[in-house]
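Just add 371 to wherever you are in the sequence shown, counting from 1, and you've got the working numbering. Here's the structure, in structure tokens; my notes come after.
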Amino acid sequence: MRGQRGGATVLDERALAAVLDTADRAAVVVRHREGATRGLEIVHVNRCFQTLFGYEPRQVTGRSLRILRGPRTARESLAALQAACEAATPFQDRLALRTADGRSIDCQLRGMPLAVNDGL
């Protein structure tokens, strides 16, 4: 199911997960949190993410996106990503992110705002 909500595309949770799980690139779905736990919470990762980063979904789902921050991750890029999520605007940048075994890998991030039904 697809539609519009404000400026974001609305997708059904199952449809989004199915599309992401067949993608040939790592994908992470995050939700913007407000209040004391303000930040970006991981709500879904696809199979390519699992292979590339070495995390099982249960290890990262519900956690802050900060779990991927490493010593080479530019704080300015993280701030820009946070601002883009808060403003529901597209985002693109290169970031060095940390894998489950502590390696640093250079990643091209592209993000777009989505409104998803059923809580994903």
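The beta carbon of each residue, even a glycine, is placed where N, CA and C say it ideally should be.
A distance below 8 Å between beta-carbons, with the five flanking residues on each side excluded, links Arg-440 to the following residues of its chain, in chain order: Leu-449, Leu-468 and Arg-469. DSSP places Asp-472 outside both helix and strand once states are collapsed to three, so it counts as coil. The C-alpha of Val-401 is placed about 9 Å away from the C-alpha of Cys-456. Counting the other Cβ atoms within 10 Å of the Cβ of Val-399 gives 16 or more, which makes it buried. With a cutoff of 8 Å on beta-carbon distance, Glu-412 and Ser-435 are scored as near each other. The Cβ atoms of Leu-480 and Leu-452 lie closer than 8 Å to each other. Contact annotation: Ala-389 and Asn-417 have beta-carbon atoms that are not nearer than 8 Å.
Comparing alpha carbon positions, the residue from Asp-472, Arg-385 and Pro-442 closest to Val-414 is Arg-385. A straight-line Cα-Cα distance of about 29 Å links Leu-466 and Asp-383.
When DSSP states are grouped into helix, strand and coil, Ala-467 belongs to the strand group. In the assembly as shown, Ala-397 is a buried residue. Its beta-carbon has 16 or more other beta-carbons within 10 Å.
One alpha carbon belongs to Asp-464, the other to His-403, and they sit about 18 Å apart.
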